[in-house]
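Numbering (the working numbering), first residue to last: 70 to 183. From the three backbone atoms N, C-alpha and C, an ideal C-beta is built for every residue, glycine too.
See the structure below:
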């Protein structure tokens with residue numbers, strides 16, 4: 070039996086990968102400013118979701134870009150690097166789904182006929 074999700078996966082465009090790279094580089098250079106990276110990741114997440122990219126694919130891309138942008142850790146910086154990546158993953162997932170929860174919250178509850 071084939072996995073239907075495998076066949077429906079879409080890839081991040083090179084433009085979205087470039088935006089992701091820019092957002093991560095800014096986050097790292099600014100010492101972890103969450104407001105800016107949250108806004109960027111929300112926009113990236115909305116566009117990725119609109120293009121059929123799964124959250125898991127976006128997180129995988131984020132990790133690859135992070136590894137390419139952030140220099141390899143020294144022994145002393147390994148924990149800080151891992152915490153920063155974990156924080157980015159959390160923000161990425163939160164922002165990927167944020168506009169969905171905003172849309173659901175905006176839908177009025179169904180009316181029950183009396």
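How is the alpha helix (DSSP H) around residue i delimited, first residue to last?
i           : result
residue 109 : 103-119
residue 95  : 83-98
residue 134 : 124-138
Looking only at C-alpha atoms, which of the options sits nearest to residue i?
i           : options               : result
residue 86  : 131, 136, 164 and 107 : 131
residue 167 : 156, 118 and 148      : 118
residue 120 : 91, 151 and 84        : 84
residue 100 : 165, 139 and 170      : 139
residue 151 : 136, 163 and 162      : 136
residue 80  : 106, 110 and 116      : 116
residue 160 : 112, 141 and 82       : 112
Please look up how many angstroms separate the CB atoms of residue i and residue j, rounded, as I've assumed it's under 8 Å.
i           : j           : result
residue 93  : residue 157 : 7 Å
residue 114 : residue 123 : With a Cβ gap of about 11 Å, residue 114 and residue 123 do not count as contacting.
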